[in-house]
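>
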Amino acid sequence: MKECTDYAYEVGPIRPPSEAASLLLRVTRNCPWNRCKFCGVYKKTRFSVRPKEHVMKDIDSIKMWTDLLKAAEAADAQEWNGMISRFNKSDEEQFWVYSSAAHWYRNGMRSVFLQDSDSLVIKPDDLADILIYIRKQFPEIERITSYSRSETVARISDENMKRIADAGLNRIHIGMETGSDVVLKLVDKGTTKEKHIIAGRKVKAAGIELSEYFIPGLGGNEYSELNAIETADALNKINPDYIRIRTLAVTQRGSLIEDYRKEIFTRANDTKMIEELLLMVENLEGVTSTIISSDHIINLLPEAGGRLPDDKQKIISVLKGYLELPENEKIIYRIGRRTGVMSSIKDLDDGDSRDHVLGLINKYGINSDNVDAFVDDLMNRFI
1214 MKECTDYAYE VGPIRPPSEA ASLLLRVTRN CPWNRCKFCG VYKKTRFSVR
1264 PKEHVMKDID SIKMWTDLLK AAEAADAQEW NGMISRFNKS DEEQFWVYSS
1314 AAHWYRNGMR SVFLQDSDSL VIKPDDLADI LIYIRKQFPE IERITSYSRS
1364 ETVARISDEN MKRIADAGLN RIHIGMETGS DVVLKLVDKG TTKEKHIIAG
1414 RKVKAAGIEL SEYFIPGLGG NEYSELNAIE TADALNKINP DYIRIRTLAV
1464 TQRGSLIEDY RKEIFTRAND TKMIEELLLM VENLEGVTST IISSDHIINL
1514 LPEAGGRLPD DKQKIISVLK GYLELPENEK IIYRIGRRTG VMSSIKDLDD
1564 GDSRDHVLGL INKYGINSDN VDAFVDDLMN RFI
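Going letter by letter, the sequence shown gives residues 1214 to 1596 in the working numbering.
1. Comparing C-alpha positions only, which one of T1444, I1354 and K1543 sits nearest to G1392?
2. Tell me which residues share the same chain as A1418 and place their Cβ nearer than 7 angstroms to its Cβ, disregarding the 5 neighbours each side in the sequence.
3. Secondary structure at M1322, three-state DSSP: helix, strand or coil?
4. Do you know offhand how far R1259's Cα is from R1242's?
5. CB G1518 to CB S1530, shorter than 8 angstroms?
6. Going by CA-CA distance only, name the one from R1547, R1594, V1554 and D1563 that's closest to S1581.
7. I need the boundaries of the alpha helix (DSSP H) containing I1505, first residue and last residue.
8. DSSP three-state call for E1489: helix, strand or coil?
9. Would you call the region 1374 to 1384 and the region 1337 to 1349 in contact, with 3 or more CB pairs under 8 angstroms?
10. Compute every distance between the C-beta of V1500 and the non-hydrogen atoms of the ligand NAP, then say whether any falls below 7 angstroms.
11. Between the region 1437 to 1451 and the region 1460 to 1475, do three or more beta carbon pairs fall short of 8 angstroms?
12. Please report the distance separating the alpha-carbon of E1488 from that of E1537.
13. Where does Q1179 fall in DSSP's three states?
14. Mind checking who S1313 pairs with in its DSSP beta bridge?
15. Quick check: the region 1349 to 1367 against the region 1386 to 1406, are at least 3 beta-carbon pairs closer than 8 angstroms?
16. Run through the region 1478 to 1560 for me and flag every whole alpha helix (DSSP H) of 4 or more residues, listed as ranges in chain order.
17. If you draw a straight line from the C-alpha of G1578 to the C-alpha of Y1535, how long is it?
18. For the pair the region 1264 to 1280 and the region 1338 to 1353, tell me if three or more CB-CB distances fall below 8 angstroms.
19. In this structure, what does DSSP give as the bridge partners for I1387?
20. Give the secondary structure of T1241 by DSSP, where H, G and I count as helix, E and B as strand, and everything else as coil.
21. With burial defined as no fewer than 16 other Cβ atoms inside 10 Å of the residue's Cβ, what is the status of P1352: buried or exposed?
22. Are the beta-carbon atoms belonging to H1386 and S1424 less than 8 angstroms from one another?
23. Ignore the nearest five residues each way along the sequence and tell me which others in D1394's own chain have a CB closer than 7 angstroms to its CB.
24. Could you please give me the residues that DSSP links to I1456 through a beta bridge?
25. Need the endpoints of the alpha helix (DSSP H) that L1282 sits in, please.
26. Let me check understanding here. Comparing Cα to Cα, which of D1565, I1343, R1384 and F1251 lies closest to V1396?
27. From V1224 to L1238, what does the alpha carbon distance come to, in whole angstroms?
28. Thinking N1449 and L1497 are a contact (beta carbons under 8 angstroms), I'd like their distance in whole angstroms, please.
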């Protein structure tokens, strides 16, 4: 793992949608694995760890600006003008610090997200020091979150996981994607079902909230059933706090598209992926997870979510409701959702939305033969 020594304030490229209001604090750059065929986010980049001192400096800079913003709320006109003058004289780097601080301040300063793809890959001592320093500088924050990989978490001792939790990390997002070893190998995820289970249980045992991600369609049509059943089995053994749905979109940036072109497996369409999601949900047993489908536009049915086991039948009903639609109604909804005209299956009953979508279907000549290709193109724009 390479460390870069020249300091600059940094913000990474991505975060979970649930962290939109969070302060983004970059601990590492890019991805230490960076081989997953379905992901194009970090391709052609090198992984590196930011020095702990640089992260601390970022925290101090954010602290300076948020303190100024707090003071400005009670300031008279002269003090306010002085702060604006100070901001106007700041260099480009300080402009980005100020922008980050102001965004966080406006959103209540309640949460911090550690970037990039795997903050837990750094030394546990360094991560604990960073977490403690965040809590010291901003004692009012409620949540610190990070992405991590199952392979990384599985290697961390239970003692160190507890130290990290005690230092202040209280939510981890792990991209399970699938619980099938066959599919994991096909997409070069770099882990196994067993490691997913070990890592998930380790996070839960440390008292840290866990979000696991599932990608319907990742195994194509050939491994759709396997993807659903094996993922449900892994989730049953972990019982994560959240199961977040991320419908597969195959982009030009990831290498998965080459496997489709070589016909290693064939792409599943929206309807097949809903069938797969239904099968996965039906096989969830003994878990109290919250299923979330509403936090990304790429998901066809945002209303297919809720807390298990109480909302299981409601989720199943939503999924079956779509599957029971006549084919022409499925096409209308798919185009409506993928173009942003419809946000829920209930919008099929909205006359204006329906007319708008029918106009698009007529304009572009969309039918049962070409709708999958049209939808694939639209979904690529969301990634």
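Just so it is clear, CB atoms sit at the ideal spot from N, CA and C, and this is done for glycine as well.
Let me spell this out:
1. T1444
2. D1371
3. coil
4. 8 angstroms
5. no
6. R1547
7. From DSSP, I1505 is part of no alpha helix (DSSP H) but of the beta strand (DSSP E) over T1503 to I1505.
8. helix
9. yes
10. For the ligand NAP, the structure offers nothing, since it holds no ligand at all.
11. no
12. 11 angstroms
13. The requested residue 1179 does not occur in the structure, where the chain is confined to residues 1214 to 1596.
14. Per DSSP, none; premise fails for S1313.
15. yes
16. 1483 to 1495, 1525 to 1536 and 1540 to 1551
17. 23 angstroms
18. yes
19. S1361 and E1425
20. strand
21. exposed
22. yes
23. T1405 and K1406
24. E1425 and I1504
25. K1265 to E1286
26. F1251
27. 7 angstroms
28. 6 angstroms
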